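Protein chains in written order, with my numbering: chain B, 74 to 119; chain Y, -12 to 211; chain L, 57 to 285.
Think of the CB as a built atom: it goes at the ideal place given N, C-alpha and C, for glycine as much as any other residue.
Just so you know, these numbers come straight off a predicted model, no measurement behind them.
Take a look at the structure set out below.
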Amino acid sequence: MNTMAYLFAAYVAVWVILAIYLFSLHARERKLRDEVRRLRTMLERR
Amino acid sequence: MMLGKIWAVFRKDLLIELRTKDSLNAMLFFGVVVLVVFNFALEAVRDSIRAAVPGVLWVAFAFAGTLGLNRIFAAEKDNNCLQGLLMIPVDRGVIYLGKMLAATVFMLVSEGVIFVLTLVFFNLTVWREVPYLVLVFCVGTVGFTAVGTLLAAVAANTRMREVLLPLILFPVVVPILINAVEATAIILNTVDYRVLRQPLTIMTVFAIVFSTLSYLFFEYVLEE
Amino acid sequence: MKDRGEGTFDAVLGAAVAAGMVLALYMAFLVAPRERTMGDLQRIFYFHVPAGITGLTAFAFNFVASVMFLVRRKHRWDALALASAEVGVMLFSIVLVTGPIWAKPAWFVWWTWSPRLTSSLVLWMLYVAYLLVRNYVSDPERRAQMSAVFAIVAFADAPIVWFSIRWWRDQHPSPMLETGGLSPAMWPAFAICWAVFQLLMIYLVRRRAALEGVRHDLDELMRSAERSA
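Written out as structure tokens, the structure reads:
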């Protein structure tokens, strides 16, 4: 592998790690919103 | 007066141990297991095995020490002894010092036995090195138990205490491991001991910093 | 949840970070000069080092937040501690992955036990341990307390770890050195990348802390609902 390939790999790695973290944040936020919605409907029914 | 209280806490753990010998047996046996495994693992470098001895020693010490630390808090949890201990109007830091002293003594005893076994298994002779080795073992052990006692209390609060303790303790004691192994290597494998000042200083600083921090913060980690 | 003003601030910050990343890429690839010995490979440096510095800043935040929690006992300090530790671990993961990718073509080995890389590894392990402690304590109050104490231990340990590793490396020197030098021409690109990473860290910590805050409020609500039911 030549130098450029390693450089490319490094930047891909940075993006992948950032993307994984951002995606996990997003997923957790969505799960939380769903839970709030569920709670709200549960309280309205009471 | 405070010394008396520390002695009381220490004596309690010591007596329990002397009566059952649970911890010490486990620690010693584990140390032996580690030594034997390393002998198999290092067969390929049998000729220069003296160079590997410092590392092997401190791995065995660290594992044995972790076992001992686990037991010091596990025993309390099992019989709700901790409630009783906390009802006594004693400064939490005193409990820390007593337990740390017990852990240190147990670990030092294990180290002594493991070291003698190492001499046998690896066919080593030491004579003039002994006082220096004792110094390094003592300082390293105190550093290890200084922070180990605090972290054992933290781990005792969790669901996975025996598993968690090594995971959280080993990264923290990296300075002790690095410096103790280096110091032991200097003693066993070189003639100029002046270099010993550096690792001994770092280990001493570590011991002072973490015994102070642990003494101050111990009340936060004891379970109610 | 967040109020209107805060939501807008975070949206603006997020946009700034995204734009900043594009700028950082531009600076690192097109503006920064080609290095003499390593060529273009050296450009990894513009993301590898800022990630490390920013990770350290995040861990410093974690220390301050942990101390503040023990002093003030307000949950938002605990949320900040968790967020900064998580983001710090993520940033150090970037350091630990890009380091070897840099080392392989430069030194023909994946891993060098160089002081910086080794210290980064131990520091990463320390804060992963912090996250483990948080993971295994069930009660929220005790979790905050235990992890705050561990955070203080970890932060006090960090400089001692650094010195120990550096001294150890001096005892066993190796020809594989870290490249440290920055020529003046490289400074603008480096400074911009560093600034962008700091912004990124602040954005991620805010978002993670807010998430934790909502999670905490929700759990409190559930618990009081169960108690009154």
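Rounded to the nearest angstrom, what separates residue i and residue j at their Cα positions?
{"i": "Arg172 (chain L)", "j": "Ala214 (chain L)", "result": "12 Å"}
{"i": "Ala139 (chain L)", "j": "Ala107 (chain L)", "result": "16 Å"}
{"i": "Arg158 (chain L)", "j": "Glu142 (chain L)", "result": "This sequence places Trp at residue 158 (chain L); Arg is not what is there. Trp158 (chain L) and Glu142 (chain L): Cα-Cα distance of roughly 24 Å."}
{"i": "Arg90 (chain L)", "j": "Leu80 (chain B)", "result": "13 Å"}
{"i": "Pro158 (chain Y)", "j": "Phe197 (chain Y)", "result": "14 Å"}
{"i": "Leu182 (chain L)", "j": "Ile155 (chain Y)", "result": "7 Å"}
{"i": "Met212 (chain Y)", "j": "Thr128 (chain Y)", "result": "A query on residue 212 (chain Y) cannot be resolved here, the shown segment of chain Y reaching from -12 to 211 and no further."}
{"i": "Leu1 (chain Y)", "j": "Leu111 (chain Y)", "result": "32 Å"}
{"i": "Ser149 (chain L)", "j": "Thr110 (chain L)", "result": "12 Å"}
{"i": "Phe119 (chain L)", "j": "Leu104 (chain Y)", "result": "43 Å"}
{"i": "Lys130 (chain L)", "j": "Thr188 (chain Y)", "result": "39 Å"}
{"i": "Leu122 (chain Y)", "j": "Leu183 (chain Y)", "result": "11 Å"}
{"i": "Asp134 (chain L)", "j": "Ser280 (chain L)", "result": "21 Å"}
{"i": "Phe117 (chain L)", "j": "Ala75 (chain L)", "result": "25 Å"}
{"i": "Val87 (chain L)", "j": "Phe50 (chain Y)", "result": "52 Å"}
{"i": "Pro244 (chain L)", "j": "Leu175 (chain Y)", "result": "51 Å"}
{"i": "Thr76 (chain B)", "j": "Leu112 (chain B)", "result": "54 Å"}
{"i": "Ile101 (chain Y)", "j": "Phe48 (chain Y)", "result": "8 Å"}
{"i": "Ala167 (chain Y)", "j": "Trp180 (chain L)", "result": "22 Å"}
{"i": "Val23 (chain Y)", "j": "Val107 (chain Y)", "result": "11 Å"}
{"i": "Asp78 (chain Y)", "j": "Leu274 (chain L)", "result": "37 Å"}
{"i": "Thr177 (chain Y)", "j": "Val151 (chain L)", "result": "36 Å"}
{"i": "His228 (chain L)", "j": "Ile165 (chain Y)", "result": "12 Å"}
{"i": "Gly(-9) (chain Y)", "j": "Arg(-2) (chain Y)", "result": "10 Å"}
{"i": "Met198 (chain L)", "j": "Thr93 (chain L)", "result": "Reading the sequence as shown, one finds Arg at residue 198 (chain L) and not Met. Going by the C-alpha atoms only, they are around 53 Å apart."}
{"i": "Gly80 (chain Y)", "j": "Met87 (chain Y)", "result": "10 Å"}
{"i": "Trp163 (chain L)", "j": "Pro156 (chain L)", "result": "10 Å"}
{"i": "Pro196 (chain L)", "j": "Glu169 (chain Y)", "result": "41 Å"}
{"i": "Gln254 (chain L)", "j": "Ile248 (chain L)", "result": "10 Å"}
Identify whether residue i lies in helix, strand or coil by the three-state DSSP scheme.
{"i": "Glu142 (chain L)", "result": "helix"}
{"i": "Glu116 (chain Y)", "result": "coil"}
Going by C-alpha to C-alpha distance, which of the options sits closest to residue i?
{"i": "Pro231 (chain L)", "options": "L:Ala137, L:Ser170, L:Ala251", "result": "L:Ser170"}
{"i": "Leu(-5) (chain Y)", "options": "Y:Glu206, Y:Glu98, Y:Ile75, Y:Val117", "result": "Before going further, note that residue -5 (chain Y) is Ala rather than Leu in the sequence given. Of the candidates Y:Glu206, Y:Glu98, Y:Ile75, Y:Val117, the one whose C-alpha sits nearest the C-alpha of Ala(-5) (chain Y) is Y:Ile75."}
{"i": "Ala200 (chain L)", "options": "L:Phe65, L:Ser280, L:Val87, L:Gly269", "result": "L:Gly269"}
{"i": "Val105 (chain L)", "options": "L:Trp133, L:Thr64, L:Ile208, L:Ala251", "result": "L:Ala251"}
{"i": "Leu9 (chain L)", "options": "Y:Ala90, Y:Glu30, Y:Arg146", "result": "Absent from the model: residue 9 (chain L). The displayed extent of chain L is 57 to 285, so no value can be given."}
{"i": "Ser10 (chain Y)", "options": "Y:Glu30, Y:Val92, Y:Val24, Y:Val182", "result": "Y:Val92"}
{"i": "Phe101 (chain L)", "options": "L:Val178, L:Thr154, L:Met124, L:Val68", "result": "L:Thr154"}
{"i": "Arg262 (chain L)", "options": "B:Leu95, B:Arg111, B:Val89, B:Leu116", "result": "B:Leu95"}
{"i": "Val127 (chain L)", "options": "L:Pro161, L:Ala204, L:Tyr186", "result": "L:Ala204"}
{"i": "Leu177 (chain L)", "options": "L:Arg264, L:Ala121, L:Leu147", "result": "L:Leu147"}
{"i": "Phe144 (chain L)", "options": "L:Leu256, L:Trp167, L:Ser239", "result": "As written in the sequence, residue 144 (chain L) is Gly, which differs from the Phe given in the question. When each option's Cα is compared against that of Gly144 (chain L), the closest is L:Leu256."}
{"i": "Phe246 (chain L)", "options": "L:Trp180, L:Phe103, L:Pro161, L:Arg225", "result": "L:Phe103"}
{"i": "Val117 (chain Y)", "options": "Y:Leu203, Y:Val24, Y:Val161, Y:Gly99", "result": "Y:Gly99"}
{"i": "Thr113 (chain L)", "options": "L:Asn191, L:Ala84, L:Ala137", "result": "L:Ala137"}
{"i": "Val150 (chain Y)", "options": "L:Tyr192, L:Leu267, L:Ile248", "result": "L:Tyr192"}
{"i": "Ser175 (chain L)", "options": "L:Val184, L:Phe65, L:Ile221, L:Asp195", "result": "L:Ile221"}
{"i": "Tyr207 (chain Y)", "options": "Y:Tyr83, Y:Leu164, Y:Val178", "result": "Y:Tyr83"}
{"i": "Val223 (chain Y)", "options": "Y:Ile36, Y:Leu44, Y:Val141", "result": "A question about residue 223 (chain Y) goes unanswered here, because the residues of chain Y that appear run from -12 up to 211."}
{"i": "Leu260 (chain L)", "options": "B:Arg110, B:Asp107, B:Val85, B:Leu91", "result": "B:Leu91"}
{"i": "Phe131 (chain Y)", "options": "Y:Gly55, Y:Ile173, Y:Phe60", "result": "Y:Gly55"}
{"i": "Leu98 (chain B)", "options": "L:Ala265, L:Cys249, L:Ser239, L:Glu276", "result": "L:Ala265"}
{"i": "Thr171 (chain Y)", "options": "Y:Val21, Y:Gly42, Y:Met(-11), Y:Phe16", "result": "Y:Gly42"}
{"i": "Met83 (chain L)", "options": "L:Arg271, L:Arg283, L:Met242", "result": "L:Met242"}
*Considering only residues of the region 155 to 179 of chain Y, which uninterrupted alpha helix (DSSP H) runs meet the minimum length of 4 residues and lie entirely inside it, listed in chain order?*
As far as the region 155 to 179 of chain Y is concerned, its whole alpha helix (DSSP H) runs of at least 4 residues are 161 to 176.
*Got a sec: which bits of the region 201 to 218 of chain L sit with their beta carbon under 8 Å from any beta carbon on chain Y, in order along the chain?*
Within the region 201 to 218 of chain L, the residues whose Cβ lies closer than 8 Å to some Cβ of chain Y are Gln201, Met202, Ala204, Val205, Phe206, Ile208, Val209, Ala210, Ala212, Asp213, Ile216, Val217, listed in chain order.
*Below 7 Å between beta carbons is the criterion; list the residues of the region 175 to 186 of chain L that meet it against any residue of chain Y, in chain order.*
Against chain Y - using a Cβ distance shorter than 7 Å - the residues of the region 175 to 186 of chain L are Val178, Met181, Leu182, Ala185.
_Residues of the region 140 to 170 of chain L whose Cβ lies closer than 7 Å to any Cβ of chain B, in chain order_ = Interface annotation for the region 140 to 170 of chain L against chain B: Met146, Ser149, Ile150, Val153, Thr154, Ile157, Trp158, Lys160, Pro161, criterion Cβ-Cβ distance under 7 Å.
*the region 89 to 116 of chain L: which residues have C-beta closer than 7 Å to a C-beta of chain B, in chain order?*
Residues are counted here when their Cβ sits less than 7 Å from a Cβ of chain B; for the region 89 to 116 of chain L these are Gly95, Asp96, Leu97, Arg99, Ile100, Phe103, given in chain order.
_Extract the residue ranges of the alpha helix (DSSP H) inside the region 21 to 98 of chain Y, only unbroken runs of 4 or more that lie entirely within it._
Listed in chain order, the complete alpha helix (DSSP H) runs (minimum 4 residues) inside the region 21 to 98 of chain Y are 36 to 65, 68 to 74.
*Got a sec: which bits of the region 270 to 284 of chain L sit with their beta carbon under 9 Å from any beta carbon on chain B, in order along the chain?*
Within the region 270 to 284 of chain L, contact with chain B at the beta-carbon level (separation under 9 Å) is assigned to Val270, Arg271, Leu274, Leu277, Met278, Ala281.
*asked:* Which residues of the region 122 to 141 of chain Y have a Cβ closer than 8 Å to any Cβ of chain L? Give them in chain order.
replied: For the region 122 to 141 of chain Y, which is checked against every Cβ of chain L, the residues closer than 8 Å are Val134, Leu137, Leu138, Val141.
*Mind checking the region 97 to 109 of chain B against chain L and listing, in chain order, the residues whose C-beta falls within less than 8 Å of any C-beta there?*
Within the region 97 to 109 of chain B, contact with chain L at the beta-carbon level (separation under 8 Å) is assigned to Leu98, Arg101, Glu102, Leu105, Glu108, Val109.
*Return the chain-ordered ranges of every alpha helix (DSSP H) run that is complete within the region 190 to 277 of chain L and spans a minimum of 4 residues.*
Whole alpha helix (DSSP H) segments, 4+ residues: 196 to 227.
*Residues in the region 149 to 174 of chain Y with C-beta within 7 Å of chain L's C-beta atoms, listed in sequence order?*
Hits within the stretch, in order: Leu151, Leu154, Ile155, Pro158, Val159, Val161, Pro162, Ile165, Asn166, Glu169.
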